[in-house]
Structure formats: structure tokens, C-alpha cells
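Notes follow the structure.
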Amino acid sequence: MPDNEDIVQYIRELTAQPALREAISVSSRDLAAALRRLDAGEPMNRKRLVRTAISVTRYALRMTGRPTPFGLHSGVAAIATGERTRTGLNGGGTKSVRLDAGWLDHVTRSWLTDPETVRACEVVLNDLCYVRGDRLILPHVRQRDDYKTFGRAIPRSSEELSLRLSPVLAWTVERTARPVPCGQLLTTASEKFPHLGTAALETFFVELVNNEVLLTPLSVPRTDPEHLDTVARVLPPESPAAVQLRTARSALASYADTEVGGGTEAWEQLVVTTSGIHEDASAAPDVTLRADITATIPSDVTRELEKCASALWEMSPKEGMYEHMRLYRRAFLDRYGQHGAVPLPELIDPHRGLGFPATYLHPRVSRSFDRHQKQADQTGVKERNDYLAALALRGITDPDREVRLSEADVAALTVKDATRPPRSLDLCCQLLASGGESLDSGDYRLVLSPAVGGSAGVLAGRFADLTGSTEPLKSLMKQAEEGDPDTIVAQVGFLPVLPRALNIMQVPDLTEYTIPVGVFADRNDPRVIDWRHLVVAADGDRLRLHWSRTGQEVVPAVPHALSLGLAAPNLVRFLQDLRFCGDAKVWRPWDWAGSASLPVLPRVRLGRTVLAPLTWRPSRAVREAASEKDGWEAALAAWRTELRVPDRVNVVHHDRVYTVDLRNAFHREMLRRDLASGDVSLSETALHGDDAYGWLDGHSSEITVPLRRSPSPATGGAGALLDAARVVPRTEHPPGGEWAYVKLHCVPEVHEEIITDRIPALIKEVAGEIDSWFFMRYRDPDHQLRLRLHGDGTAGTAPVWAKLLPFAESLRRSGLIRGFDVAAYEPETLRYGGPEGMALTEQLFCIDSQLAAHQLKLLGRRALELPRNVLMAAQYAVTLDALGDWDWRPWVTRHFPSGSVPPAEKSEVALAARLIARGGSADLLAPHLSPGCRGLLRGIRGTGVELGRLLLPGLDPDTTFTRHDMALISLLHMQHNRLVGIDPANESRTLGLLSQVARAQASRERHESTRGKDGRRG
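Residue 16 is where the sequence shown starts when you use this note's numbering, and the numbers rise one by one after that.
Encoded structure:
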């Protein structure tokens, strides 16, 4: 390392560039202050001097290496596509300067402690608030302990705010459902609650505003000039706050007008101004640079990216992402059924619905859905990983250390999936070409960046206003809806957990509709979708959002790069995560899977696009040497020799990349410090030689390209309007209501003894006090018998409970059950066709429970010569016959096709065929059963006809699956549950047996019909 004088000279030479000096001033007040001390000749110890030199070097490398839109280190501009390359650099750039979002939040909150300011505002209730018991709950409080820590600290999980729902608060909640002037609210409240006094009420409203229970027009996710105009209109014109705002805006404008490299003095004055407005608010304003560049690149470049994105979609694996959402979908289906539709506020309530998925932080979710975990489909995973390992070896041994993917490679890595690609993506890449002519002739390379936007606008949206690309992005969002009038793309607006995170959320409104969450908005605006009017509906392996007002599907859009998992309210993250709840794959960049931990990984190229650069992972010896410092130089040199690491490499930490020259002592020290403090890797630099950026006059650059999926003639039902009948009000029968319900915890081995002996004895005892009952087997996660009894309507269930509880206790004492729970009964009303269908289904369940008890007793005594599975198939046929005069066999063969389960034994099929006949199955089965069973078979027919009247008209042979299909399948499922138990594999076999018989009968009838026609022709 050089001596102190050399280091000082190095720093002075490096910072002699005015543009770098100003960029440092904008980015780091501490480093700028250190440079001023060096300029003044103040002494600095060696440790501090080295740290300053390294920091200055980092900033210089950020300006000359991979461009990251941060402060003045790089500029952004919109480019076009055309037939030929055209570029023009017109100057140093134009500054866009905004007040720091954390600073603005801090200062605005101080202004809103002034009652006069609050009176001048409209207020509206925060739509995240809800009532729980006798409390008003704001589910998460934004974190303001140190508003300057965003980017240096990870937000902790949020805490809720709980307020007693006093009469005045309850009145306020009702009156502020829509925006109302706070002064008017105060006047009305003073008349309504005169005993409280106007001063106390005013203090009360100010506190609600400062706790964000009431929101003002200042509570929006914007910091742009239009928002500052709104703030100015709210503040009393000559108030200290209004004067402070005008002063700050004037200083902003003065600095924005300076040239790049000539604004250091104006910047320092701006910082003094903003810091002086409030003693605790000193965060510097947010600066972005618009590059004065005009550029057109050949359309061939975007076509190359389209091919690359399509190939990566084909190669994207299914496993490894959004498992928490897959578990949530399974929990949804388990509770609400395959056609369930639930109002969003009810669904996210942890007591009335499911709550939020596991892993959510704001607020933290304590519920787990692990019981819905299932073995992942590993089909082809090992073969794919083995192929990737072979590719890695092929590339490592290649002279260029490169894998050039062939069509055969892509085909071998393709993961078959019927899911359509995402609606849109933002891809970011470096475009490398020696000049415009080379670019036009196709002599270029694209190098994909690790930064990927999950939808269009995520990477570019923040700069849309600055680059003049707002309208093109709006058009792209609109195109995502074209050809699908039943779909709305709506932008989500919200306030982040850390107020300063709002800096990276400054995106214009890109969609016609918006979904405000926890921000000030007028829900009467027809373009505003109130999230409380959204419905979550199951659709195949997806959960979709629908607007209850129109039935249209709503696709939420969050066009910025904020980490929603870390910094957004749970509801916002949930709206965005819903699209990932299926078992289908998600678009992924290149992933080495199990080979990713190799010490060196080759470059991967597809056509002219580098999907992954040549990469090195520092060895354990190098990392240990970096931490201990002793032996660092020797360890680094040995490692470089072993793995052939070049002099110039990129240091990569997540999405942060900078280039170092390992011949430079400062650069090696930078690498050592990064290795000691975090997990970093090294990758190769640009691949096109020294003139890689020649097409842009040598300027390092990245381009972000928004892509949308190709239109499809058939959307597979996407965007279908929501059937309002699917949204069924939640019904619950608590203990003491019309249903008595107990859960008996017991192993399956004793189920049949309880079903055939103990439960019938209880039913006999309470026969005069109930009019219906049924049982079912369940696993949650332990095995249970669930018993439900309906009171006869005169005395309710009190007399029933008087006998039911001693019955359950006697089972526990006798060792037949481990214990029991008293529970509320929530009917699956949607699953069975609505309230009327549910009532008829409960009647059918009652008959089926009695029939199962009789049949299990016969089977237990070996008094029934029929095998249980044959009896089960015949019982299915009896139920389907009972629904009405319809030929159910095509329905059965469509939903339980051949090949879905192994075929039954011929003897089973032959025996089942003698018991199953359309319209006559009950008559064929009855002789094999006891007299009591025969009467129950007749009862099934009487109730079934009424239920069929509701369900059969909704069956659609041209639709794969409707909610009416779900109801019928659920009826059959519950029959198997009672007679056989919880055994999905056996249930599939019994349904397959029914399908085999139905298929054989239909085939025979067609054959006989054809033979009859031939005979008549003869």
C-alpha cells in the first residue's frame, strides 16, 4: 500500500473531476466532509485516510462501471428502436431533484401537529382499519424510529395500533368513510358531543391524523411537484410551515438548474436549507439525472431479447419459489372448495377467514399452513440437474470457458407447463458493440443483468416522467388488457413501512384504474377500486381477484422495484403474490440449480445473448484470509492462478456490481473488505474488447426493455366474469345455536365401533330432540370423527347438549377417544349450491350417515356378501340416480376417465355391473341389504330429486369443471368418507370402477343401437 502522502495525492487527483466531486457530495455527506477537510489541509490518521481513498474509488468506479441510477453517478434516457443505429450526446444531463421522502414525511407530520393545518385538510378513515371486538385496529404502524436508515437496515415486523372504540371514535369511523373537511367534522362533532369540548375534540382528531387512522391529502405515495402543490394549498399561506415549504422548493429549483459538475455549492446550500427546517430532519434531497442522449437501436436487438425471454420461460423450473402461496391456495381450496369465492376483507381476517400467508411481516403472521404441504413433483428434476452439471463441466473445459446453448440443450432443459408466460416483464441488459455499423450488421452481444422486473415498469417506471416514457408505458399496460375485456389492470398505491422507501416508488399513474391501500383517496371516483370490494375466487390451480361491482378480473400492478416482502403492508404483498399461488412455473433467469456452488461457472450464451457470465466463487481459504488480513495477498494470488482469474473482474453482491483491477492495491483492498463483510462473487467484465461501448461513444450503459407476452387466440378462461352466485354469505352456527357439533379425536381403528354402535345409541336417546344429524371423518392433522346434530326447532339444542356432552365424556373415559372439542359449525354453503342446496345436502348427509352405519355393521358381521369397493360404486350410482331423470354416465366418464387409475379386477367390474343401471341402481342393490337399508335408499331418492333440481341445470358438458360439478363430486366424496374412510387412492379406485361400468354400458348400448339400425336396413 502507498504511504499517506501518496494516498492524499491519489484522492486529490481522483476528485479533481468536478462531476465526481459533486456526485460524492450528493451521495455521501460524510465523505464530502472528509474531502473538505483534506482540501483544508487538516491531518487525517492512516486508517481514516485509507477508508476515504477506498470510498472515493468506489464512487469513481460506480460512475465508470455498470451504470446504476443513483444520484449523479449515471443518467437515464429513453431510447427508440428503428432500422439503423443513431446516437447523439447533447450535454451533461438534466437534474431532477425531489425532497427526500423520509424528510418530507418527518416534516409533514410535524406540520400536522398544528390544529389549524389539520382543520384545513380533508380527512378519510384509513381503509386498513377494522373493528375487532370493542377496539379499532390499524394492523401495522409504519416504522419511523430512524427514517434515515432505509437501505442500511431491514425493517422489523410491524406492530398494530389498537384504540378503544369509544362513542366518539365509532362516530368518527362512520363519518369519515368518505373524505370530509376536518373543520366541518370538528363542528359536527362539537354539536354531537358537547360535553367533550371543542379543544379536546380537536386534539383527538390531530392524534388520529398523526397516527394515520385518519388520512389527509398529504398521505399519498408521491413527492412530485404536484404533490407539493397540494401541500401548499393545505397549509395556511403565511404559516411557518408554508414559508418553510416555499424556501425548500426554491432551493430545490436553484440546485436543479445547475450544470453537472457545477452544482456543489448550490447543493450544499440546499442541504443547509432542508436541514434547517426541522432540527431532526436532515436527510438530503433525492437526485436523479436525465442523460441528454438521443439513441435509436436496431429492432433486431429487441427481437433477440424476445427470443431469449421465451427460451428462459421454456427452461424455467417449477420448484423453489412461492411455496408459501401454494400452501395458501391449498388451504383456500380445503376451506372454500374448488369454486370458492370470498370477499377479500373476510379472507384476510385470521378469525373469519384464513388470514395472510405465512412469512408475511407487516404485521407478522403467526398462522402456519404446513399441514397443506405435499410432496413436490420431482418428475424430471434429477435429470435436469444432471444435465446442468454436465453443461457446467462442458463449459469449464471449453477453451473459452463458455457454454453455447443449442436447440437440443434448450429442449433438454425445457420444463413442460400449460401455463401462459407472465403478462409482461422488464429485462435489463448491457448492449455491447464496437460501433453503430457493427450493431446494424448484427455484430453485437447482449449481457443480461441480474436485475429483472417481474412485470413491465418495475425497473423503468420510476424514471417514466423524467425520460418522457410515461405514455409508452401506459400503452403497454393497456395492451395487456386488449382482447380480454373482462380483465382490468390496476396500479396499487400504498405507503411503505419505512417512509424513506417512497423515494424508489415515484411512478406516475400508468393504468386507468388504481387500488389505493392505506392512502388518501376518494372511493367515489369510478376509476378507484376499493380493495374492500374485491373478491378472491378459486379457478383451477389459481386464485383470481375480481371486482364485485363489475365481476371483472383485476390484475394488480406494482410498477416499481420496492421489496414488497420487506417494506409493504401485508395486503399489498398479498395482492401481488396471488398470481404465484398455482403449481405452475414462474419466469426465471438462468439458474445453475445444484451446480451453482461450483468454484467456477462458465459463461452461458444463447445466440448473441449471454444469459450468465463467467463467474468465480472465492474459496474458503481466500475468504478466511480476507477476514484475518494476514496472508491475504498470497491467498488471493494462489486462488487467481488456480482458477485463471483475470486482472479486471466485476465484484458482485446481489444486484450491486462494480469493476476492479486486481493489479491495483486499493482495488484489492476493496475486494478484501467486501469479502470479509458479505457473500460476494466475481464475474467477467464486458466481452467485446476495449470498444465494447463504441456504439455509444464509449459510455458504459444498460438498457431496460419492457416485454409483453404474445396475444393468444384462446385464454383458457382467463378473465372470465365472476358469477355473483359464487359469493355466498358466511354462515356459522355457534354452540348453543341450532346445531350441536363435537369433534371426537380418535384413531381410525375405532371409527367403525363408534359409528355402528355408540353413535346410533346416542341418536336413539336424542331422537325426540333432533330432526337431522350426520357424521364425517376428518384429519386435522390427527384423525377425528365429527358429529353434528340439528335441534328440532322448539327447544333448540339445549336438551341435545345435555346428552351429547356426557356421551362424549363417556367415550373418553372408556378409551375410545383421546378427547373431544365443542365447535361452531360453518356449512360449506357454496360447495353445495347455496343455502337451499346446503339444507338439502344436510338432509342427504343424514340419510347417508344412517345408511353407512347400517352397512358398516353388516360388513363387520360379514353379513354382506358384497366387497366394500363394489358396494361403494353401487352407492355412488344410487345417489346419481336420485338426482333426477338424467343419464349420468357421460358425466362420470368425463370426470373419471380411463387411465386415471389402474383398472379394477374383471370380477369386481362384473359384480358392480349387476348392481348399476341408470335409473335402477337402488332396486338392484336393495336385495343385498337389510330392510332398514332399503327404506333409507328410498329416502335418498326423495331428497336427491330436490337437490338435483338445483344442481343438474348447472352442469355444462363443454366446460371442464363448474361449481355444480364440484357439488356432485363432493357428494360422492362424502359417501366414500363415511363408508370407507379417508383414503384418496381407494376413493379414486372406486370412482374408476364406477366409470368402467358406465363406459362399458354406454359402449354396449351404442353397439346394440348400431346393430339394430343395421338390421332394419337389411
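Don't be surprised by glycine CBs; every beta carbon is placed ideally from N, CA and C.
Could you tell me the distance, in whole angstroms, from the CA atom of L1 to the CA atom of R794?
This structure does not reach residue 1, given that the chain is present from 16 up to 1033, and the question cannot be answered.
Just curious, the alpha helix (DSSP H) that V1034 is in, first and last residue?
In the structure as shown, the chain starts at 16 and stops at 1033, and residue 1034 therefore has no counterpart that could be examined.
When you compare only the Cα positions, how much space is there between A867 and M981?
Taking the straight line from one Cα to the other gives about 22 Å.
Let's see if you can read the secondary structure: which residues bound the beta strand (DSSP E) around V667?
Start and end: 663-668.
State the DSSP-derived secondary structure class of S70, mapped to helix, strand or coil.
DSSP places S70 in helix when its eight states are reduced to three.
Beta-carbon within less than 8 Å of E6's beta-carbon, same chain only, minus the 5 sequence neighbours each way: which residues are those?
Summary: the structure shown does not reach residue 6, with the chain confined to residues 16 through 1033, and so no result is reported for it.
Within a Cβ cutoff of 6 Å, which residues of the same chain sit near A897, ignoring the five residues on either side of it in sequence?
So the qualifying residues of the chain are I955, R956, G959.
Please list, in chain order, all residues of the same chain as A266 whose beta carbon is under 6 Å from its beta carbon, the five residues on each side excluded.
Contacts found: L285, T288.
Counting along the chain, where does the alpha helix (DSSP H) carrying D415 start and finish?
Segment: none, D415 is in no alpha helix (DSSP H) and carries neither H nor E.
Residues bridged to I177 by DSSP?
Note that residue 177 is Ser in the sequence shown here, rather than Ile. According to DSSP, S177 bridges with I152.
Cα separation between K333 and V65?
Cα to Cα, the separation comes out at about 48 Å.
What are the boundary residues of the beta strand (DSSP E) that R90 is part of?
In the sequence under discussion, the amino acid at residue 90 is Gly, which differs from the Arg named in the question. That run of the beta strand (DSSP E) goes 86-91.
Which residue wins for smallest C-alpha separation from P617, given the options N1001, V418, R52?
The candidate whose alpha carbon is nearest that of P617 is V418.
Excluding the five sequence neighbours on either side, which residues of its own chain have a C-beta within less than 8 Å of the C-beta of G370, listed in chain order?
Closer than 8 Å at the Cβ level, and outside the excluded window around G370, lie I363, D364, V380, R382.
Which word fits K397, buried or exposed, when buried means at least 16 other C-beta atoms lie within 10 angstroms of its C-beta?
Under this definition K397 is an exposed residue.
Just mark R179 as buried or exposed, buried being the case when its beta carbon has 16 or more other beta carbons within 10 Å.
Flag for R179 reads exposed.
Return yes when the Cβ of P614 is within less than 7 Å of the Cβ of R632, no when it is not.
Yes, Cβ-Cβ distance for R632 and P614 is below 7 Å.
Is K333 helix, strand or coil by DSSP?
Three-state result, K333: coil.
Can you give the Cα-Cα distance for V415 and S89, rounded to whole angstroms?
Sequence check: residue 415 is Asp here, not Val. Distance between the alpha carbons of D415 and S89: 32 Å.
Just reading off the alpha helix (DSSP H) that F589 is part of, what are its end residues?
Taken as a continuous stretch (DSSP letters only), the alpha helix (DSSP H) holding F589 covers 585-592.
Reducing DSSP to helix, strand and coil, say where P487 ends up.
Looking at P487 - three-state DSSP - the assignment turns out to be helix.
Give a yes or no on whether the C-beta atoms belonging to R620 and R438 are separated by under 7 Å.
Contact flag unset, no.
Rounded to whole angstroms, what's the CA-CA distance from T844 to R559? Just pull it up for me.
C-alpha separation (whole angstroms): 20 Å.
Compute the Euclidean distance between the alpha carbons of S314 and L87, then round it to the nearest angstrom.
If you take the alpha carbons of S314 and L87, they lie about 30 Å apart.
Return the Cβ separation of W754 and H748 in integer angstroms, given the expectation that the two are a contact with Cβ distance under 8 Å.
The pair is a contact, with the Cβ atoms about 4 Å apart (cut-off 8 Å).
Would you decide whether A466 is buried or exposed? Buried here means 16 or more other CB atoms lie within 10 Å of its CB.
By the 10 Å Cβ count, A466 comes out buried.
Would you mind working out which of G457, M887, F976, E217 sits nearest T132, comparing C-alpha positions?
When each option's Cα is compared against that of T132, the closest is E217.
Tell me whether Y162 sits in a helix, a strand or coil according to DSSP, three-state version.
Residue placement at Y162 is poorly supported in this model, since its pLDDT is 48, which falls under 50; the coordinates are not used for a value here.
H377 by DSSP, collapsed to three states: which one?
Residue state, collapsed to three classes: coil.
Tell me which same chain residues have a C-beta within less than 6 Å of the C-beta of D592, skipping the five on either side of it?
Only M340 meet the Cβ criterion.
Which whole-angstrom value describes the C-beta separation of L820 and L804, a residue pair presumed to lie in contact below a C-beta threshold of 8 Å?
Incorrect: roughly 12 Å between the Cβ atoms, too far for contact.
In three-state DSSP terms, what is D18?
Here D18 sits in coil by DSSP.
Residues in its own chain within less than 6 Å of Y162 by CB, not counting five upstream and five downstream?
Confidence in Y162 is poor, its pLDDT being 48 and thus under 50, which makes the residue's placement too unreliable to answer from.
For the candidate residues V430, S470, S234, L626, whose alpha-carbon lies nearest to that of L119?
Checking every option, the nearest Cα to that of L119 belongs to S234.
Could you tell me whether the stretch 90-107 touches the stretch 470-488, where touching means 3 or more Cβ pairs closer than 8 Å?
Touching, yes, given that three or more Cβ pairs across the two stretches are closer than 8 Å.
Helix, strand or coil for R202, going by three-state DSSP, please let me know.
Arg is not the amino acid found at residue 202; the sequence shown has Thr there. Three-state DSSP puts T202 in a helix.
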